[in-house]
Each structure stands twice: as structure tokens, then as C-alpha cells.
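Its first residue numbered 2, the sequence shown is counted upward by one per residue in the numbering used here.
Since the structure comes first, as C-alpha cells, the remarks are kept for the end.
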Amino acid sequence: MYNREGTVVKISPRLEANSKESYYRLEVVASDLQTVAKSSELDNMEHRLHHLESKVNQDVGKTPDIMSELKSHVESFKRKLESVEHLSWIGLFKDDGEQHLAKFTPKPKTPQLSVQEERQQVRRKFLNISSLQVTEDVRELLKTPTFDNWQWEEAEMLVLLQVMYTSLDFLSALNIELEVLQNFLFEVYCHYNNIPFHNFQHCFCVTQMMYGLIWLTDLRNKLGRTDLFIMLTSALCHDLDHPGYNNVYQINAQTDLALRYNDISPLENHHCAIAFGILAKPECNILKNLSSEQYKHIRGGMIKYFSVFSICCVSVLHLLSHELLSLLSLGRCILATDMARHNEILNKFKSIQSVFDFTNKDHKEVLMKIMVKVSDISNEARPMAVAEPWLDCLLQEFFHQSDTEKQKGLPVSPFMDRDKVSKPSSQTNFIRFVLLPLFSELTKLFPCLEQHILEPVRRALEYYSDMEKASKDEEATTKP
Ligand code: 5GP
Ligand code: MN
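Printed below as a string of C-alpha cells:
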């Protein structure tokens, strides 16, 4: 948009009103998706890649892994460009409280159809391959934080999630039918958004880390099946339908979510409510066959949370009361992932650390919350090659939020501001002040975790501190 003088103007709430004497001029910058999709740069890139591939093939005899990987990146990038789904992320037509942006842009003809079709394809593939035997190597790898999520596509991740539920004997212990589990997992997949960080891959990583921690700490012999089930399912559901803007934004922008939940953990309450909504569908309700014993166990100590959860439970009031109570316990773990409650939960855990007792239900409850929290922010406990792309995704989402905040004249969180943070500065602070204090506390209870989660995080701190120092040195030498 230009003013009368021909200068580009920033669209913000502070913009002066349009008038006959002083009017704004709009100019179409892009209108045809096809031109974007068929950009010559992409064609050129593809052409060069083919050329390089045939050259390498001649010299080496076969396509090296790195080439195949690069090729699949280009392919997936091309697919993304060709689909209109990515436009939802830049705020053109996504119905997530950004409707004022949507009003000005015609909706693409059938955006839903392609998303639906893609999901159905994933569902078909998932069901087709779900009966295949997952190799012992993969099953073992799945139990460690070194697992590389980037190598798996969505249908395969759904199979791996099924493996986690079956390996922990949840199907027999909680009387879950395989078909119901599959429907549930697929619905969970459908309720994650196509955004840079808080997407289905993140949900998978958090659940896989939880699964790994359960095995590494031998929790199978320390907690009951129901508790383990609640922990894994909380991890799975903990960011359902995340819109890509955090709680601070929800509150400052007075979104529907903030209004609905009175500014109290709006996102986490929403994730819970979506989880409850999925479980309310009979064909997805993995809790429907719980025995009364299991119900009684889950019931313990959770009544006090009822009022907090009452809003989200309204939608599932038709469920039996014992199912409702299991859901509450699940919700309690999801709510614990709100980082605003980080210190409160960590301090509680610290205070019981020295006298921790696995038979004490209050102690167990705090531990369960800590485990969900650790899994939630555990990317840096993974090998650098797995962790680093996650940081890029996170910063992409952060920057998008802060750009929107600037546009709307809302307060901007400094740690999300592209003008203020860099990869190393973001990580050194996060590791020093959040990860290390939290992870070392859990490691005190389970010393075996030292090598699995604490050491990789210390290495990451070293890596990013070096990077930070190098960029400071460079700045110093380039300054006049
Ligand atoms: P989540 O939103 O995933 O439920 O909660 C975790 C929050 O912790 C993220 O939104 C993000 O603010 C923060 N976080 C998680 N991992 C990292 C990380 O590797 N670096 C930084 N700087 N923040 C992180
Ligand atoms: Mn998360």
C-alpha cells in the first residue's frame, strides 16, 4: 500500500484514515499461485539437481544418501509451493482469529479438499502399513532420545505411535481395541496444524521422548499402567490445534481463546478441550472400556482440579463420570506444559526430591508433570543434526508472531523479535535458565538420565556458546 507521495506505508492500527484528498493506493504484488509455484528459480534448482545427480551417478555408480535427501527436500518444498496450504500460515485465509486479514483476500477455490485428500492418503497408508512388523532395530531406537524424527513421514509416525501404545501393553491393560486406537491416533494427527513448530512432528517428538524416558528410567516397574498411559497420551495431545501464536499473544490480542478461558493458560486449556472433543467421539474413545478399578485409581486426588477444568468438560458431559475423571488427569498434565507455570512446578518437584516416594500419590503427580514438561522442551537433548532444524522451526514461528505483533501495535516479546535474537543467544539463555535446572532435577531422581539428556544439553550449550562468541568476535573485528 502506498500513500499519495508514492511511499510504501506500514499497515497498522495507527494508520490515518483514508480520505479523498489523501488516499492510499493498493498494488497487487502476487495474485496467481501458479506463477509462484512455477518460479523459474525452483525449476532452475531442480534442473541443477538433476544434472548434479547424473554427474555423481556417473562417477560413483549410485546416488549417495545426501543427494537423495536433498532431492526429497526439493520435492517436498515443491509440493508445499504447489499446495495452497502454506498460505494459511502467512495469514491469508486461515480462520484462527485473523479473520480481518482473510476478509481482504479471496479464498482459494477448494483449499479444504486438498488438505482432506492428503489426510485421507495418510490414513490409507497408515492402515495399510500398520500391520507390518516394525523391525527390532527401530523398536529399540524408538526407546532412546537419539531417534531421528526427520527420517519418517506422517503415516509412518502414526505406526510408530501405535507401536508405543502396544509395547507398553496399553491395549491389553486398558482394554483398548486396535481400531479405536488407530482412529484416535489419526484424529490427533488431523488436529495438529501445518505450522513451523507446533505441528504433528513436534507432537510425535514429545511423545517419543516420553516413551524413551519411560523405558530409560524403568518407570514401567515404578508406576502403574494407567499413569504411564496418561503421561504418553498427555504428550500426544499437549499442543493440539496450536495456532502458532503463544499465550502472551492470545491475551494481548484478546483472541477468542483468551476470552473463552479468561486469560488463564488459553492455549493449554484449548489443547485439553480438543483432546476431550476427540475422545468424545465413540469411535475414537480409547477410554471407553476402563474397569472400575482403573477408574478409582485415576480418580484419586483429582477432584480438586474439577473447577479448573469444568469449562472444557462441558462438551463431554455426556461421557460416563469415570471417563471424565480420567480425562481430568490427562488435562492436568497438559496444563502443566504452560511455561508460565514452569517455576511453580519445578520448585514443587525440588521440595520433594530428597524424600521422593513412588507410593506417594502427590509425589507421583508432580513427577508426571515434570516428565511431560521435560519431554515437551527436549529438542536439545537430541543429536545436534536432529535438534538444530527444530530451532529453525521455532524461530520461524517466533518471528512470525513478533512480526504480527509489530503490525498490530501489540507488545513484542524480545525473545521472539528477529531484530533482537539470534540462534545462539536464544539457545544459550534457554539452556542455562530453563533446560539445565529442569533436566538436572530429574536426573537427580534418575541418575541414568545423565548421559541421555543432560550431557547432550551441556554439549549443545557449548556449541551455541562458541557460536555466540564467534559472532561477537566477528562483530568486533568488522566494526570500524
Ligand atoms: P510448547 O509451546 O511446545 O508447549 O512449550 C514449550 C515452549 O518452550 C515453546 O513454545 C518455546 O517458547 C519454549 N522452547 C521449547 N524448546 C525451546 C528451545 O529449544 N529454545 C527456546 N529458545 N525455547 C524453547
Ligand atoms: Mn509443545
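Just so you know, even glycine gets a beta-carbon here, dropped at the ideal spot from N, CA and C.
Review point. For the ligand 5GP, is there a heavy atom less than 7 angstroms away from the beta-carbon of ILE252?
Key: Locating residue 252 in the sequence shown gives position 251, where the first residue counts as 1. Distances from the CB of ILE252 to the heavy atoms of the ligand 5GP are all 7 angstroms or more.
**Study point:** Contacts around SER131, its chain only, beta-carbon distance under 7 angstroms, and the 5 residues preceding and following it disregarded
**Key:** The count along the sequence shown starts at 1 and reaches residue 131 at position 130. Excluding residues up to 5 positions away in sequence, VAL160, GLN163, GLN183 lie with their Cβ nearer than 7 angstroms to the Cβ of SER131 in the same chain.
Review point. Which same chain residues, not among the five before or five after ALA477, have their C-beta less than 6 angstroms away from its C-beta?
Key: As a first step, residue 477 is located in the sequence shown; it is residue number 476 there, counting from the start. Sequence-distant Cβ neighbours of ALA477 in its own chain, meaning closer than 6 angstroms and more than five residues away, do not exist here.
**Study point:** Bridge-paired residues (DSSP) for ARG120
**Key:** Working through the sequence shown from its first residue, we reach residue 120 at position 119. ARG120 is not bridged by DSSP to any residue.
Point to revise | Chain-order list of residues whose beta-carbon lies under 6 angstroms from that of ARG457 (same chain, five-residue window excluded) | key: In the sequence shown, counting from the first residue as 1, residue 457 sits at position 456. One point to set straight first is that residue 457 is Pro, not Arg, in the sequence displayed. Excluding the 5 residues flanking it on each side, PRO457 has same chain C-beta neighbours closer than 6 angstroms at ALA382, in chain order.
Review point. Does the ligand 5GP have even one heavy atom less than 7 angstroms from the beta-carbon of ASP377?
Key: For the purposes of this step, residue 377 is taken as the residue at position 376 of the sequence shown. Yes, Cβ of ASP377 sits closer than 7 angstroms to a heavy atom of the ligand 5GP.
Check your understanding: Are any of the Cβ atoms in chain B nearer than 8 angstroms to that of PHE431?
Key -> Given the protein chain composition of this structure (a single chain), no chain B is represented.
**Study point:** Secondary structure of THR106, DSSP reduced to three states
**Key:** What you label residue 106 is simply residue 105 of the sequence shown in a count that begins at 1. Per-residue confidence for THR106 stands at a pLDDT of 37, beneath the threshold of 50, marking its modelled position as unreliable; no derived number is given.
Check your understanding: Under 8 angstroms, do ILE279 and GLU188 count as touching if we go by C-beta distance?
Key -> Residue mapping note: residue 279 aligns to position 278 of the sequence shown, counting from 1. Residue mapping note: residue 188 aligns to position 187 of the sequence shown, counting from 1. Cβ distance < 8 angstroms, so ILE279 and GLU188 count as in contact.
Exercise for review: Sort out for me which residues DSSP pairs TYR1 with in a bridge.
Suggested key: Only positions 2 to 481 of the chain appear in the structure, and residue 1 is not among them; the question remains open.
Check your understanding: Do SER441 and VAL249 come within 8 angstroms of each other at the CB atom, strictly closer than that value?
Key -> On the sequence shown, position 248 is the one that residue 249 refers to. On the sequence shown, position 440 is the one that residue 441 refers to. No, Cβ-Cβ distance for VAL249 and SER441 is not below 8 angstroms.
Practice item. Would you check whether the ligand 5GP has a heavy atom nearer than 7 angstroms to the C-beta of THR234? Key: Residue 234 sits at position 233 when you count from the first residue of the sequence shown. Incorrect: THR234 has no Cβ contact closer than 7 angstroms to the ligand 5GP.
Point to revise | CYS191: first and last residue of the uninterrupted alpha helix (DSSP H) it sits in | key: Counting from one through the sequence shown, the residue named residue 191 turns up at place 190. In the DSSP annotation of this structure, the continuous segment of the alpha helix (DSSP H) that includes CYS191 starts and ends at 179-191.
**Study point:** Where ASN195 falls: helix, strand or coil (DSSP)
**Key:** Taking the sequence shown and counting its residues from 1, one reaches residue 195 at position 194. It is coil, neither helix nor strand.
Review point. Rounded C-beta distance between ILE231 and LEU331? I'm assuming under 8 angstroms.
Key: Translated into positions along the sequence shown, residue 231 becomes position 230. Translated into positions along the sequence shown, residue 331 becomes position 330. With 8 angstroms as the limit, ILE231 and LEU331 qualify as a contact, their Cβ atoms being about 5 angstroms apart.
Review point. Should HIS48 go down as buried or exposed, given a rule of 16 or more other Cβ atoms within 10 Å for buried?
Key: Position 47 of the sequence shown, counting from 1, holds the residue named residue 48. Label assigned to HIS48: exposed.
Check your understanding: Quick one: what does DSSP say ARG460 is sitting in, helix, strand or coil?
Key -> Reading the sequence shown from its first residue, position 459 is the one you call residue 460. ARG460: helix per DSSP, three-state reduction.
Check your understanding: Which one of PRO425, LEU241, ASN286 has the shortest CA to CA distance from HIS272?
Key -> In the sequence shown, the residue the question calls residue 272 occupies position 271. The shortest C-alpha separation from HIS272 is found at LEU241.
Exercise for review: Please report the residue range of the alpha helix (DSSP H) in which TYR250 lies.
Suggested key: Locating residue 250 in the sequence shown gives position 249, counting from the first residue. For TYR250, the enclosing alpha helix (DSSP H) begins and ends at 248-253.
Practice item. Classify GLN251 as buried or exposed, calling it buried when 16 or more other Cβ atoms lie within 10 Å of its own Cβ. Key: The residue you call residue 251 lines up with position 250 of the sequence shown. Flag for GLN251 reads buried.
Check your understanding: Would the C-beta of ASP240 count as close to the ligand MN, meaning under 7 angstroms from any of its heavy atoms?
Key -> As a working note, residue 240 is residue 239 in the sequence shown. Yes, the beta carbon of ASP240 sits closer than 7 angstroms to at least one heavy atom of the ligand MN.
Check your understanding: Taking buried to mean at least 16 other C-beta atoms within 10 Å of its own C-beta, is SER55 buried or exposed?
Key -> In the sequence shown, residue 55 corresponds to position 54, counting from 1. Counting Cβ neighbours within 10 Å, SER55 comes out exposed, since fewer than 16 surround it.
Exercise for review: Within the same chain, show all residues whose beta-carbon is closer than 6 angstroms to that of LYS349, passing over the 5 residues directly before and after it, in chain order.
Suggested key: Within the sequence shown, the letter at position 348 stands for residue 349. For LYS349, where only same-chain residues beyond five positions count, the Cβ hits under 6 angstroms are VAL367.
Review point. Per DSSP, what kind of secondary structure is GLU99 in: helix, strand or coil?
Key: By 1-based counting over the sequence shown, the position of residue 99 is 98. For GLU99, the predicted model reports a pLDDT of 36, less than 50, meaning its position is unreliable; a value from the coordinates is still stated below. Here GLU99 sits in coil by DSSP.
Practice item. Check whether the stretch 346-366 touches the stretch 261-276, taking contact to mean three or more Cβ pairs, one atom from each stretch, closer than 8 angstroms. Key: The answer is no - the stretch 261-276 does not touch the stretch 346-366, with fewer than three Cβ pairs under 8 angstroms.
**Study point:** Sequence-distant residues of the same chain with beta carbon closer than 6 angstroms to ASN286, five excluded per side
**Key:** Taking the sequence shown and counting its residues from 1, the one referred to as residue 286 is at position 285. Hits under 6 angstroms: LEU280.
**Study point:** ASP138 versus GLN59 - alpha carbon distance
**Key:** For the purposes of this step, residue 138 is taken as the residue at position 137 of the sequence shown. For the purposes of this step, residue 59 is taken as the residue at position 58 of the sequence shown. Between ASP138 and GLN59, the C-alpha separation is close to 33 angstroms.
Exercise for review: Report, in whole angstroms, the separation of the C-beta atoms of SER13 and GLN408, which I expect to be a contact under 8 angstroms.
Suggested key: Against the sequence shown, residue 13 aligns to sequence position 12. Against the sequence shown, residue 408 aligns to sequence position 407. Yes, they are in contact, since the Cβ atoms of SER13 and GLN408 sit about 6 angstroms apart, within 8 angstroms.
Practice item. Mind reading off the beta-carbon distance from MET340 to MET211? Whole number of angstroms is fine, and I expect it under 8 angstroms. Key: Here the question's residue 340 lines up with position 339 in the sequence shown. Here the question's residue 211 lines up with position 210 in the sequence shown. Contact between MET340 and MET211 does not hold, since their C-beta atoms are separated by about 17 angstroms, which reaches or exceeds 8 angstroms.
Review point. Among residues of its own chain, excluding the 5 on either side of ALA388, which ones have a beta-carbon nearer than 6 angstroms to its beta-carbon?
Key: Within the sequence shown, residue 388 is the residue found at index 387, counting from 1. Hits under 6 angstroms: ASN380, GLU381.
Check your understanding: Regarding GLU180 and the ligand GTP, is the C-beta to nearest heavy atom distance less than 7 angstroms?
Key -> Absence of the ligand GTP is noted for the structure shown, with the ligand 5GP and the ligand MN being the only ligands found.
Review point. Going by C-alpha distance, which of HIS203, HIS364, GLN397, VAL435 is nearest ASP418?
Key: Your numbering for residue 418 matches position 417 in the sequence shown. The residue with the shortest Cα to Cα distance from ASP418 is GLN397.
Practice item. Please list, in chain order, all residues of the same chain as THR208 whose beta carbon is under 8 angstroms from its beta carbon, the five residues on each side excluded. Key: Within the sequence shown, residue 208 is the residue found at index 207, counting from 1. LEU162, MET165, LEU233, ALA236, LEU237, SER376.
Point to revise | Proximity test, GLN428 beta-carbon vs the ligand 5GP heavy atom, cut-off 7 angstroms | key: Taking the sequence shown and counting its residues from 1, one reaches residue 428 at position 427. Remark: the shortest separation between the CB of GLN428 and any heavy atom of the ligand 5GP falls under 7 angstroms.
Check your understanding: What residue does the alpha helix (DSSP H) around GLY213 start on, and which one ends it?
Key -> Taking the first residue of the sequence shown as position 1, residue 213 is located at position 212. Run containing GLY213: 201-217, per the alpha helix (DSSP H) assignment.
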